[in-house]
Amino acid sequence: KAINKGSLIRISKKEFVAGIKEKPHYSLFLARLLAQRIERLNHKLGHSHS
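Per the working numbering, residue 1 is the first one in the sequence shown, and the count goes up by one each step.
Below you can see the structure in the form of structure tokens.
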């Protein structure tokens, strides 16, 4: 859960790629976040990786 109120901004693909190049650790964070969401969805749907 978020501690504070968040905001959403729209950026172009070019800006996104530039941001990832500037701060590559963000790509690891996003990859982990996506993996967690996929894992939760698979669990919810009854699929198992094991």
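Glycine included, each C-beta is placed from N, C-alpha and C at the ideal position.
Just the C-alpha distance for residue i and residue j, rounded to the nearest angstrom, thanks.
{"i": "arginine 10", "j": "alanine 31", "result": "19 Å"}
{"i": "proline 24", "j": "histidine 47", "result": "32 Å"}
{"i": "isoleucine 20", "j": "tyrosine 26", "result": "6 Å"}
{"i": "alanine 18", "j": "isoleucine 38", "result": "26 Å"}
{"i": "leucine 41", "j": "leucine 33", "result": "12 Å"}
{"i": "alanine 35", "j": "histidine 43", "result": "12 Å"}
{"i": "glutamate 15", "j": "phenylalanine 29", "result": "17 Å"}
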